[in-house]
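Student:
Now the structure itself:
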């Protein structure tokens, strides 16, 4: 096995999505990730519905990690953390700003114990500035960051992206920041405090909207599924069994649509020649496209997209995506026997380094499953000491 | 010149063949960390420049995504252009591109060729569907990937169509993964001496964002969740929504029962603290409309600022829905240095972002606005790669640069 992060030890205080995603990417790259939870388990575990043994999201985000419990509110718990810090390369947390400091285990304390340790923190608004204490969830960051204001239809309310954008955007930035800090440490010998705020991680997604603001001097209205600028055809079009999304990037794409639609004569029609012409006759342009799409199924459109080179994709639901033959054939998705969930589809990592291996999937661990291995084998505590720690609620 | 600035990626040379959003975002972060990013454009400029408003060299996305890069021109469709790229590869640490799969190979400058020339160079590729698999050659844009990846199916209202997220986050998310993968490869190169081919596909980068949707799918016994507008999937949590204020909207989300009690206090409805209809999330979901009406009655009669002040005081997760102008002028991000006002040759004073990655103890790279097309041909080709003035002149005449 040649994994890129072999030999890197990570203390993972990640919880819910943001932090856990960053450490998942590290685990898949071969790092030794030790997930440290309070004795009751991290908050995401508590979303398990009654009668179920776990959730899909927890299984997705915590594969390839070893889980231990540790109560940082006890002095002995903090001592054990210090022992682990001496042996670790990276510590990651996504608690509210100041939480670790409040427990006496913040960056400055840990940096003194191990100056080579990289300490990474993921928060909603950052660890400085007037809003740093504002409570942050994906939904509220979508609101505060402007994403929601540009999503939805002109006559409707602002709309959230229906998936978790800000958390994962933050998580991948934290991971990237840790890689840079590890690289720099190879030269400087010193570990950095790496910081990412979700609100800042999503800022660049507004680039096109700012363009509208600079062009007109006004905040552009929401444009639903229409392009904010002059691109046509652009939108979500009906098919027999759902919808497809089309984004015409070039004039050649328009010609290809017309070939697929059996309307090649329109290529020479001056009313539809350029993006500008078609935007000016949007209803007529869309009628040509809809006449083509609505006579076909998603699968038929997908086949024509390949044949005629058209930027169109079916709007797929989660079940279709989970069973996507393309991602299964590439190894991004795989079937795994999970001890709590049964046979399920799990993702690996979207980051591929050709010539290196991806760690084979190890299902997410139960709360404290690796306590003996980590505290006993790694830190060298005896069986009696472990029993004591359990009895006293330290682990 | 007495002291070297303290940048994480000082001394690092990147050949940046990227275009549009995804690739340029990755190389922007490298530039902001102190790498020498050489943006290589065809002589007419990259594709995104062609969407510029009249009289400008690029639209605002070009300006945002290409700060701190040096710009050169190079025509890879000429023999001389390709020869020059190979010469540059000898001195580069990484090359980044987001052309469609196979484009660089067809030009004769794909990974396998360049890897022979400089085995230490990392080659990073970002695409929509990846470099392999049955959908490899499907045309990919942020919009179509939002459709194919499932995220659009979960966005919008029940009864309404699937809805695009107006901010192209899939492009930026792909770019962030590309940056992260490139850094992983550099780190690995320190040990192995070998530069890898790094690959990121947008459709894969966005998969984890479906986590909650997949939870609901399994919870419902393999049933696809319906779109739920601004509410939680399957309307399983309350309050969790965007509520109308006097002057706009606010997002409110409760995660603990203590927050519900606090919200009642904030709303002046402490009388309901023991009401069985609202006593816990299950009860509130059962009385969904009544719960929503309670919150709306409060938000409708207050401004966003009043609501945010009250929720802050009572520790309730809430945020005003801000428009992009408010975000651009956010005092918080300006104070933190994420946003700054910069003088730009096309736009005058503009607000530009820095990198969202912060390395405490490292210096901030001073912002330099995005280059004109070919602005740094001389310093790069002559000073960095050792071409003579005559050679550069000849390449210009032959259309190679």
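Residue numbers (the working numbering), protein chains in the order written: chain A, 17 to 411; chain B, 93 to 493. Here a beta-carbon is modelled for each residue, glycine too, at the ideal position from N, C-alpha and C.
1) For residue 94 of chain B, which three-state DSSP category applies?
2) Residue range of the alpha helix (DSSP H) that residue 341 of chain A falls in?
3) Using 8 Å as the cut-off, can you tell me whether the region 369-384 of chain B makes contact with the region 198-214 of chain A, which would need three or more C-beta pairs spanning the two stretches below that distance?
4) Using the beta-carbon of each residue, which ones in chain B are nearer than 7 Å to residue 259 of chain A?
5) Identify, in the order they occur along the chain, each residue of the same chain with its Cβ nearer than 6 Å to the Cβ of residue 220 of chain B, setting aside the five sequence neighbours on each side.
6) Look at residue 164 of chain B and residue 473 of chain B and say whether their C-beta atoms are less than 8 Å apart.
7) What are the start and end residues of the alpha helix (DSSP H) that includes residue 184 of chain A?
8) Report buried or exposed for residue 27 of chain A, applying the criterion of at least 16 other Cβ atoms within 10 angstroms of its Cβ.
9) Hey, residue 117 of chain B and residue 267 of chain B are a contact pair by Cβ (cut 8 Å); roughly how many whole angstroms apart?
10) Excluding the five sequence neighbours on either side, which residues of its own chain have a C-beta within less than 6 Å of the C-beta of residue 310 of chain A, listed in chain order?
11) With distances taken between CB atoms, is the gap from residue 228 of chain A to residue 244 of chain A smaller than 8 Å?
12) Can you list, in chain order, the residues of its chain with a C-beta nearer than 8 Å to that of residue 20 of chain A? Leave out the 5 residues immediately preceding and following it.
13) Excluding sequence positions up to five away, which residues of its chain have a Cβ less than 8 Å from the Cβ of residue 174 of chain B?
14) Scan the region 172-189 of chain B for residues whose Cβ lies nearer than 9 Å to a Cβ of chain A and list them as they occur along the chain.
15) Along the region 348-372 of chain A, where does the CB come closer than 7 Å to a CB of chain B? Name the residues.
16) What is the DSSP secondary structure of residue 123 of chain B, reduced to helix, strand or coil?
17) Throw me the rounded Cβ distance for the residue 242 of chain B and residue 154 of chain A pair, which I believe falls under 8 Å.
18) Taking Cβ positions, are residue 274 of chain B and residue 216 of chain B nearer each other than 8 Å?
19) What does residue 167 of chain A reach in chain B if we use C-beta pairs closer than 8 Å?
20) At least one CB of chain A closer than 8 Å to the CB of residue 299 of chain B: is that the case?
21) List, in chain order, every chain B residue whose beta-carbon is nearer than 7 Å to that of residue 200 of chain A.
22) Roughly how many angstroms lie between the CA atoms of residue 107 of chain A and residue 191 of chain A, to the nearest whole one?
23) Kindly indicate which three-state DSSP category residue 327 of chain B falls into: helix, strand or coil?
24) Per DSSP, residue 128 of chain B forms a beta bridge with which residues?
25) Closer than 8 Å by C-beta to residue 327 of chain B: which residues in its own chain qualify, once you throw out the five before and the five after it? Chain order, please.
26) Is residue 454 of chain B close to chain A? Criterion is C-beta to C-beta, closer than 8 Å.
27) Quick one: does residue 93 of chain B have its CB under 8 Å from some CB of chain A?
28) Where does the unbroken alpha helix (DSSP H) through residue 217 of chain B begin, and where does it stop?
29) Buried or exposed: which applies to residue 129 of chain A, given that a residue is buried once 16 or more other Cβ atoms fall within 10 Å of its Cβ?
30) Strictly below 8 Å CB to CB, what residues from chain B border residue 300 of chain A?
31) Under a Cβ-count criterion, where at least 16 other Cβ atoms within 10 Å of its own Cβ denotes burial, should residue 270 of chain A be classed as buried or exposed?
32) Whether or not the region 217-225 of chain A and the region 138-148 of chain B are in contact is what I'm after, with contact meaning three or more pairs of Cβ atoms, one per stretch, closer than 8 Å; do they touch?
33) How big is the Cα-Cα spacing for residue 145 of chain A and residue 135 of chain A?
34) Give me, in chain order, the residues of the same chain whose beta-carbon lies closer than 6 Å to that of residue 489 of chain B; leave out the 5 immediate sequence neighbours on both sides.
35) Can you tell me which of B:364, B:249 and B:449 puts its alpha carbon nearest to the alpha carbon of residue 33 of chain B?
36) Who are the near neighbours of residue 179 of chain B in its chain, counting only those whose CB is closer than 8 Å to its CB and skipping five residues on each side?
Tutor: Walking through what the data contain:
1) Position 2 of the second chain holds residue 94 of chain B. Confidence at residue 94 of chain B is low in this model, with a pLDDT of 45, below 50, so its placement is unreliable and the value that follows should be read with caution. Three-state result, residue 94 of chain B: coil.
2) The residue given as residue 341 of chain A occupies position 325 in the first chain. Note, residue 341 of chain A: alpha helix (DSSP H), 341-345.
3) no
4) Here residue 259 of chain A corresponds to residue number 243 of the first chain, with the count starting at 1. Neighbours of residue 259 of chain A on chain B, chain order: 253 and 254.
5) Start at 1 with the first residue of the second chain, and residue 220 of chain B comes out as number 128. Correct list, in chain order: 232, 237 and 294.
6) Residue numbering aside, residue 164 of chain B sits at position 72 when the second chain is read from its first letter. Residue numbering aside, residue 473 of chain B sits at position 381 when the second chain is read from its first letter. Contact flag set, yes.
7) Translated into the one-based positions of the first chain, residue 184 of chain A becomes position 168. Unbroken alpha helix (DSSP H) run through residue 184 of chain A: 182-204.
8) As a working note, residue 27 of chain A is residue 11 in the first chain. Label assigned to residue 27 of chain A: buried.
9) As a working note, residue 117 of chain B is residue 25 in the second chain. As a working note, residue 267 of chain B is residue 175 in the second chain. So it is a contact: roughly 3 Å between Cβ atoms.
10) Taking the first residue of the first chain as position 1, residue 310 of chain A is located at position 294. Cβ within range, chain order: 254.
11) Mapped onto the first chain, residue 228 of chain A falls at position 212. Mapped onto the first chain, residue 244 of chain A falls at position 228. Yes, Cβ-Cβ distance for residue 228 of chain A and residue 244 of chain A is below 8 Å.
12) Counted from its first residue, the first chain places residue 20 of chain A at position 4. Excluding positions up to five away in sequence, the list reads 45, 46, 369 and 372.
13) Numbered from 1 along the second chain, position 82 holds the residue referred to as residue 174 of chain B. Taken in chain order, the residues that qualify are 168, 199, 200 and 201.
14) none
15) 348, 363, 366, 367, 368, 369, 370, 371 and 372
16) Residue numbering aside, residue 123 of chain B sits at position 31 when the second chain is read from its first letter. Three-state DSSP puts residue 123 of chain B in a helix.
17) Taking the first residue of the second chain as 1, we reach residue 242 of chain B at position 150. Taking the first residue of the first chain as 1, we reach residue 154 of chain A at position 138. That belief does not hold up - the Cβ atoms of residue 242 of chain B and residue 154 of chain A are roughly 17 Å apart, past 8 Å.
18) Walking along the second chain from the start, residue 274 of chain B turns up at place 182. Walking along the second chain from the start, residue 216 of chain B turns up at place 124. For residue 274 of chain B and residue 216 of chain B, yes; Cβs fall inside 8 Å.
19) Position 151 of the first chain holds residue 167 of chain A. Within chain B, the residues near residue 167 of chain A are 247, 255, 256, 257, 258 and 259.
20) By 1-based counting over the second chain, the position of residue 299 of chain B is 207. At least one chain A Cβ lies under 8 Å of residue 299 of chain B.
21) What you label residue 200 of chain A is simply residue 184 of the first chain in a count that begins at 1. Chain B residues near residue 200 of chain A: 100.
22) Taking the first residue of the first chain as position 1, residue 107 of chain A is located at position 91. Taking the first residue of the first chain as position 1, residue 191 of chain A is located at position 175. So the two alpha carbons sit approximately 11 Å from each other.
23) For this step, residue 327 of chain B is matched to residue 235 along the second chain. Looking at residue 327 of chain B - three-state DSSP - the assignment turns out to be helix.
24) In the second chain, counting from the first residue as 1, residue 128 of chain B sits at position 36. Residue 128 of chain B pairs with B:105.
25) Translated into the one-based positions of the second chain, residue 327 of chain B becomes position 235. Hits under 8 Å: 320, 377 and 380.
26) Translated into the one-based positions of the second chain, residue 454 of chain B becomes position 362. Closer than 8 Å to some Cβ of chain A, the Cβ of residue 454 of chain B qualifies, so yes.
27) As a position in the second chain, residue 93 of chain B is number 1, starting the count at 1. Note that residue 93 of chain B scores a pLDDT of 42, beneath 50, so its modelled location is shaky and nothing firm can be said.
28) Here residue 217 of chain B refers to the residue found at position 125 of the second chain. First-last for residue 217 of chain B: 214-219, but that is the beta strand (DSSP E), not the alpha helix (DSSP H).
29) For the purposes of this step, residue 129 of chain A is taken as residue 113 along the first chain, with counting starting at 1. Exposed, because fewer than 16 other Cβ atoms sit within 10 Å of the Cβ of residue 129 of chain A.
30) Mapped onto the first chain, residue 300 of chain A falls at position 284. Neighbours of residue 300 of chain A on chain B: none; closest Cβ ~20 Å, over 8 Å.
31) To locate residue 270 of chain A, count along the first chain from 1; it is residue 254. Looking at its Cβ environment, which holds 16 or more other Cβ atoms inside 10 Å, residue 270 of chain A is buried.
32) no
33) Working through the first chain from its first residue, we reach residue 145 of chain A at position 129. Working through the first chain from its first residue, we reach residue 135 of chain A at position 119. So the two alpha carbons sit approximately 20 Å from each other.
34) On the second chain, position 397 is the one that residue 489 of chain B refers to. Once the five neighbours on either side are set aside, residue 489 of chain B has no close Cβ partner at all.
35) One cannot answer for residue 33 of chain B here, as it falls past the ends of chain B, which runs 93 to 493.
36) Taking the second chain and counting its residues from 1, one reaches residue 179 of chain B at position 87. Contacts found: 477.
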